[in-house]
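Following: one structure in structure tokens, then a few remarks.
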Amino acid sequence: MGHPSITILYGSETGNSQEFAQVLGRKCLYLSLNTVVSSLDNFDLKRLLDVKLLVVICSTTGQGDIPRNGKKFWKFMLKKGLPSDLLSHLSFTTFGLGDSSYAKFNYAIRKIHKRLIQLGAHEFSDRAESDEQSPEGNEGYYAEWERRLLEKIKKLSHHEIDPNTLLPPMNGIVPQTSKFKKITDNVKEVALTRSDLITGIIGANERITSPDHFQDVRRLVIKDPSNSLEYKPGDTVALYPSNDPKDVESLIEDQDWQNIADFPLIIDGPTPTIEGGLVKKLTLRSLLTHHLDIMSIPRRSFFMIAHHFSTDEREREKLYEFSLIENIDALYDYANRPRRSILETILEFHSLHIPVQYVFDLIPTIKPRLFSISSNPSPSTVELTVAIVEYRTIIKRLRKGVCTRWVKELEENDRIKFSIHPNNVKFSSGPLIMVAPGTGIAPVKSIIEQRLELGLQDMYLFTGNRFHDKDFLYGDLWESLASKSQLQLFPSFSRDEKKSYVQDTLYAQSNLIFDLIYNKNATFYLCGSSGKMPIQVRITIETILEDHLGISNEESKSLCLELENKGRYIQETW
Ligand SMILES: Cc1cc2nc3c(=O)[nH]c(=O)nc-3n(C[C@H](O)[C@H](O)[C@H](O)COP(=O)(O)OP(=O)(O)OC[C@H]3O[C@@H](n4cnc5c(N)ncnc54)[C@H](O)[C@@H]3O)c2cc1C
Ligand SMILES: Cc1cc2nc3c(=O)[nH]c(=O)nc-3n(C[C@H](O)[C@H](O)[C@H](O)COP(=O)(O)O)c2cc1C
């Protein structure tokens, strides 16, 4: 009798669902299951007809949306005319990743789960959803769900493999040192193979915060020489960053990979999803530079494989411990809290020597980063407002964001690859209240510039920054428009003499906000970082509605939800 099979598909925007899919996949391999792990879109959907046991792990992104690497799958699932017994041969379970601070909590996995049932699939084990806002975190929910699922899977398995056995790589790579010549990687100009990416030329990369302010925020102008850009306010640009060549070199040296680093590589087996497509001149160095996220925090799947490659017993034990779910707190203290990177971990465990075939299995791929467009639509240029991520960890090490480090170094006339991602938001031409703390100003600037061009001026802008003179992003522009009565400006500065946050200023303008929303049919547009700010702002709007209408909190909450469903309360947070 052959081994039973399992197909584990993930939809993931920032890698969390992918990580769980990989952890589960590895456990299934040790239970001798023929295991396929793939992104939803990388999986040939015709093969679903042969799948008996399916697991879908999927996050929710945007405002209740399916992640980008699951869109094609979802489009297929929604096809009209699919028979209601299409998947009646299939047993499945699902796990959703979400965050209850978003109104459409875990919508993506709920839609997928429901559709699988509509198409005849049977639930094999209970579904579950995680909530990033809860103290359990994603891991807590996942552990419980995985425990229940594996109990059932073990009943199917005929043979368990000793956990000390090293399994062959899922996505192996083979450097071609014998027949081929060395290749030199052009780190500056990256030739990604996805054909629909746009080649842009950097028109400007200028700092727009004062030089003595702690944070460097950039206005990045990208030009399209072919004049064929198409975008609207609310759309985003995806950038495809590369690692710092110095970091890559230190990994190559540490692992003694110098002799193979610059020879062509072939991928032995399925290619993992790389959104921009593989770089054209594929070598170990270009793979590490452009595709593998060596600066990300190592997760459990890293340690599940890495412990096999340590020659020192104590180090091996430590690496193994970090791979166990019961030691998740120890892993958190080692990796997440001090924000240690994969590179640092490899350098710190001196006895760790990774066979190069395993790098794809060990190191996650670099995900493209999205940036809200901050310019008025134009076929020739697109502008972004980028806050450079640079901070010291609790162990006093300097950390730089993967993408924004790369952005900071871009110079005029550099060529980069990018893509434009349409957003589904539709703005009415009526009054518009915009709440835009920090870089939340980016999409708001785009909509304001477009409305000015269209002669629509009923605009109320609530900005939030630290200091008027240091980081009031595009402050001169807003003050000039306000002085010409082209918009009404309500700035908040949290570190100036008169301290206030956007929610305080909104509340101080209670009468105006109520009148605009309730009597003037205004749209409310909130942009910026996720977390506490959007929650505080929503509570403020609910309170304003309660005060003016004399309604309960329950009633104001459902009024806000109604506004949201009508597209009059729009939140774009990240
Ligand atoms: C729809 C959308 C629109 C966006 N629009 C914009 C925009 O207009 N402008 C913009 O600047 N960004 C925007 N972002 C965010 C952007 O995509 C990137 O996430 C951001 O630039 C950081 O990327 P990075 O690769 O430089 O950092 P990464 O390498 O991904 O590191 C970021 C991580 O570092 C950690 N971190 C950051 N600062 C600290 C600190 N002080 N202490 C401890 N940990 C810290 C956080 O965990 C954070 O998640 C948007 C995101 C989305 C999803
Ligand atoms: C820009 C953005 C939008 C999000 N939108 C939602 C949402 O609408 N509903 C939800 O439940 N969670 C939402 N989340 C939370 C994610 O689902 C959560 O962070 C998850 O762990 C991401 O997993 P991934 O890395 O596999 O994509 C959002 C997160 C981000 C960064």
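Per numbering that gives the first Met the number 0, the sequence shown starts with residue 0, numbered consecutively.
Every residue, glycine too, gets a C-beta built ideally from N, C-alpha and C.
None of these values were measured; they are calculated from a predicted model.
How about Thr504 and Ser484: are their beta carbons less than 8 Å apart? If you number the sequence shown from 1, residue 504 lands on position 505. If you number the sequence shown from 1, residue 484 lands on position 485. No. Outside cutoff.
Could you tell me whether the stretch 50-65 touches the stretch 86-95, using the rule of 3 or more Cβ pairs below 8 Å? Cβ pair count under 8 Å is three or more, so yes.
I'd like to know whether the C-beta atoms of Asn242 and Leu219 end up nearer to each other than 8 Å. The residue labelled residue 242 in the question sits at position 243 within the sequence shown. The residue labelled residue 219 in the question sits at position 220 within the sequence shown. In this structure, Leu219 does not lie closer than 8 Å to Asn242 by Cβ.
Return helix, strand or coil for Phe123, following the three-state DSSP convention. Numbered from its first residue, the sequence shown carries residue 123 at position 124. Coil at Phe123, not helix or strand.
DSSP puts Gly14 in a beta bridge; with which residues? As a working note, residue 14 is residue 15 in the sequence shown. DSSP, once it has assigned bridges, lists no residue as partnering Gly14.
Taking Asn464 as part of the beta strand (DSSP E), name the residues at either end of that continuous run. Along the sequence shown, one-based indexing puts residue 464 at 465. Per DSSP, the continuous beta strand (DSSP E) segment holding Asn464 begins and ends at 458-464.
Using DSSP with H/G/I as helix, E/B as strand and the rest coil, what is Asp64? Locating residue 64 in the sequence shown gives position 65, where the first residue counts as 1. It is a strand residue.
Cβ-based burial, Leu480 [other Cβ within 10 Å; buried from 16]: Numbered from its first residue, the sequence shown carries residue 480 at position 481. Its Cβ being crowded by 16 or more others within 10 Å, Leu480 is buried.
Could you please give the first and the last residue of the uninterrupted alpha helix (DSSP H) stretch that includes Asn33? Position 34 of the sequence shown holds residue 33. Following the DSSP letters along the chain, one finds Asn33 in no alpha helix (DSSP H) but inside the beta strand (DSSP E) bounded by residues 33-38.
Contact under 8 Å by Cβ, Asp40 with Asn68: Position 41 of the sequence shown holds residue 40. Position 69 of the sequence shown holds residue 68. Contact: yes.
Tell me the rounded alpha-carbon separation between Gly437 and Thr462. Taking the first residue of the sequence shown as position 1, residue 437 is located at position 438. Taking the first residue of the sequence shown as position 1, residue 462 is located at position 463. The alpha-carbon atoms of Gly437 and Thr462 are separated by roughly 8 Å.
Per DSSP, cross-strand counterpart(s) of Met433: Translated into the one-based positions of the sequence shown, residue 433 becomes position 434. Per DSSP, Leu460, Tyr524.
Can you give the beta carbon distance from Gln175 to Phe91, rounded, assuming they're within the 8 Å contact cut? Stepping through the sequence shown from its first residue, residue 175 is reached at position 176. Stepping through the sequence shown from its first residue, residue 91 is reached at position 92. That belief does not hold up - the Cβ atoms of Gln175 and Phe91 are roughly 40 Å apart, past 8 Å.
Under 6 Å Cβ to Cβ from Arg114, same chain only, skipping five residues before and after it: list those, please. Taking the sequence shown and counting its residues from 1, one reaches residue 114 at position 115. Correct list, in chain order: Met76.
Taking the alpha carbon of Lys222 as the point to measure from, which residue in Asp211, Gly202, Val236 has its own alpha carbon closest? Here the question's residue 222 lines up with position 223 in the sequence shown. Of the candidates Asp211, Gly202, Val236, the one whose C-alpha sits nearest the C-alpha of Lys222 is Gly202.
Taking Leu196 and Phe417 to be in contact with their CB atoms under 8 Å, please state how far apart those CB atoms are, rounded to whole angstroms. On the sequence shown, residue 196 is found 197 positions in, with the first residue counted as 1. On the sequence shown, residue 417 is found 418 positions in, with the first residue counted as 1. About 7 Å; that satisfies the 8 Å criterion.
Less than 7 Å between the CB of Asp292 and some heavy atom of ligand 2, yes or no? Locating residue 292 in the sequence shown gives position 293, where the first residue counts as 1. Incorrect: Asp292 has no Cβ contact closer than 7 Å to ligand 2.
Of all the CB atoms in chain B, is at least one closer than 8 Å to the CB of Ile415? Structure shown: chain B not included; a single protein chain is present.
Taking just the CA atoms, how far does Asp246 sit from Lys26? Taking the sequence shown and counting its residues from 1, the one referred to as residue 26 is at position 27. Taking the sequence shown and counting its residues from 1, the one referred to as residue 246 is at position 247. Using only the alpha carbons, I get a separation of about 32 Å.
On the three-state DSSP scale, how would you describe Lys74? For the purposes of this step, residue 74 is taken as the residue at position 75 of the sequence shown. Lys74 falls in the helix class under three-state DSSP.
Distance, Leu369 Cα to Ala435 Cα: Start at 1 with the first residue of the sequence shown, and residue 435 comes out as number 436. Start at 1 with the first residue of the sequence shown, and residue 369 comes out as number 370. So the two alpha carbons sit approximately 17 Å from each other.
Given a threshold of 16 other Cβ atoms within 10 Å of its Cβ, counted over all protein chains shown, does Ile160 qualify as buried or as exposed? By 1-based counting over the sequence shown, the position of residue 160 is 161. Burial call: exposed.
Are at least three pairs of beta-carbons, each pair with one atom in the stretch 369-383 and one in the stretch 223-236, less than 8 Å apart? yes
Excluding five sequence neighbours on each side, which residues of the same chain lie with their C-beta closer than 6 Å to the C-beta of His547? Here the question's residue 547 lines up with position 548 in the sequence shown. Taken in chain order, the residues that qualify are Phe513.
Nearest CA to the CA of Met169: which residue from Gln132, Phe213, Ile266? Start at 1 with the first residue of the sequence shown, and residue 169 comes out as number 170. It is Ile266.
Can you check which of these residues, Leu351, Ile393, Lys399, Thr572, is closest to Pro442 by C-alpha distance? Numbered from its first residue, the sequence shown carries residue 442 at position 443. Answer by Cα proximity: Thr572.
Does the Cβ of Leu383 lie closer than 7 Å to at least one heavy atom of ligand 1? Indexing the sequence shown from 1 puts residue 383 at position 384. Yes, the Cβ of Leu383 comes within 7 Å of a heavy atom of ligand 1.
Once the 5 residues before and after Pro367 are set aside, which same chain residues still bring their CB inside 7 Å of it? Start at 1 with the first residue of the sequence shown, and residue 367 comes out as number 368. Excluding the 5 residues flanking it on each side, Pro367 has same chain C-beta neighbours closer than 7 Å at Ala237, Leu238, Tyr239, Glu274, Gly275, in chain order.
Nearest-angstrom beta carbon gap, Thr59 and Ile111 [assumed within contact, 8 Å]: Here the question's residue 111 lines up with position 112 in the sequence shown. Here the question's residue 59 lines up with position 60 in the sequence shown. The Cβ separation is near 10 Å, so there is no contact.
Suppose contacts are defined by Cβ-Cβ distances below 8 Å. Is Ala521 in contact with Ile432 by that definition? Within the sequence shown, residue 521 is the residue found at index 522, counting from 1. Within the sequence shown, residue 432 is the residue found at index 433, counting from 1. A Cβ-Cβ contact shorter than 8 Å links Ala521 with Ile432.
So is the beta-carbon of Asn520 under 7 Å away from any non-hydrogen atom of ligand 2? Indexing the sequence shown from 1 puts residue 520 at position 521. No, the Cβ of Asn520 stays beyond 7 Å of every heavy atom of ligand 2.
My guess is that Pro297 and Thr364 are in contact by the Cβ rule of under 8 Å, so how many angstroms apart are they, rounded? Numbered from its first residue, the sequence shown carries residue 297 at position 298. Numbered from its first residue, the sequence shown carries residue 364 at position 365. Between Thr364 and Pro297 the Cβ distance is about 14 Å, and since that is not below 8 Å, they are no contact.
With a threshold of 7 Å, establish whether the CB of Tyr390 neighbours any heavy atom of ligand 1. By one-based count along the sequence shown, residue 390 stands at place 391. Tyr390: yes, Cβ under 7 Å from ligand 1.
Shorter than 7 Å, the distance from the beta carbon of Arg338 to the closest heavy atom of ligand 1, or not? Counting from one through the sequence shown, the residue named residue 338 turns up at place 339. Yes, Cβ of Arg338 sits closer than 7 Å to a heavy atom of ligand 1.
Could you check if Leu96 belongs to the surroundings of ligand 2, using beta carbon to heavy atom distance under 7 Å? As a working note, residue 96 is residue 97 in the sequence shown. Yes; taking the cut-off as 7 Å, the Cβ of Leu96 has a heavy atom of ligand 2 nearer than that.
Less than 8 Å between C-beta atoms, sequence neighbours within five positions excluded: which residues of the same chain meet that for Asp125? Along the sequence shown, one-based indexing puts residue 125 at 126. Once the five neighbours on either side are set aside, the close Cβ partners of Asp125 are Thr92, Trp144, Arg147.
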